[in-house]
Amino acid sequence: MNERTVKDLGDRMLFLGDDCTFSASASDLLPLRGGSSVFFSEDELGGMQGRYLGVFDFRNGKIELEHQLPEYTNLFWPPPY
Numbered sequence: 001m002n003e004r005t006v007k008d009l010g011d012r013m014l015f016l017g018d019d020c021t022f023s024a025s026a027s028d029l030l031p032l033r034g035g036s037s038v039f040f041s042e043d044e045l046g047g048m049q050g051r052y053l054g055v056f057d058f059r060n061g062k063i064e065l066e067h068q069l070p071e072y073t074n075l076f077w078p079p080p081y
């Protein structure tokens, strides 16, 4: 297997879930973020109980919760958890 470090997804956003994985056009969904984000659902994220949607940002290497990022408010409604 070949491993490569990915620093940007171009015009794609990646969505990872327990039962599905897909990508979408960043310019169609959220032009401000571009291809810098990977979204994933997790039962326990950062020690918090419950179901959350995390957002990994390639630009700063941080994981944030979707509900803490106002630019995602209308992207996921109702919230997927």
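All residue numbers for the sequence shown refer to UniProt numbering, where the first residue is 1 and numbers rise by one.
Glycine included, C-beta positions come from ideal geometry on N, C-alpha and C.
Since the model is a prediction, treat every value here as computed from it, not as a measurement.
**Study point:** Helix, strand or coil at Asp18 [DSSP, three-state]
**Key:** By 1-based counting over the sequence shown, the position of residue 18 is 18. DSSP places Asp18 in coil when its eight states are reduced to three.
**Study point:** C-alpha distance - Leu53 paired with Gly10, whole-angstrom precision
**Key:** Position 53 of the sequence shown holds residue 53. Position 10 of the sequence shown holds residue 10. Whole-angstrom Cα-Cα distance: 22 Å.
Review point. Ala24 to Leu14, Cα distance in whole Å?
Key: For this step, residue 24 is matched to residue 24 along the sequence shown. For this step, residue 14 is matched to residue 14 along the sequence shown. For Ala24 and Leu14, the distance between alpha carbons rounds to 7 Å.
Practice item. May I have the straight-line CA-CA distance separating Glu71 from Glu3, to the nearest angstrom? Key: Against the sequence shown, residue 71 aligns to sequence position 71. Against the sequence shown, residue 3 aligns to sequence position 3. Distance between Glu71 and Glu3, taken at the CA atoms: about 32 Å.
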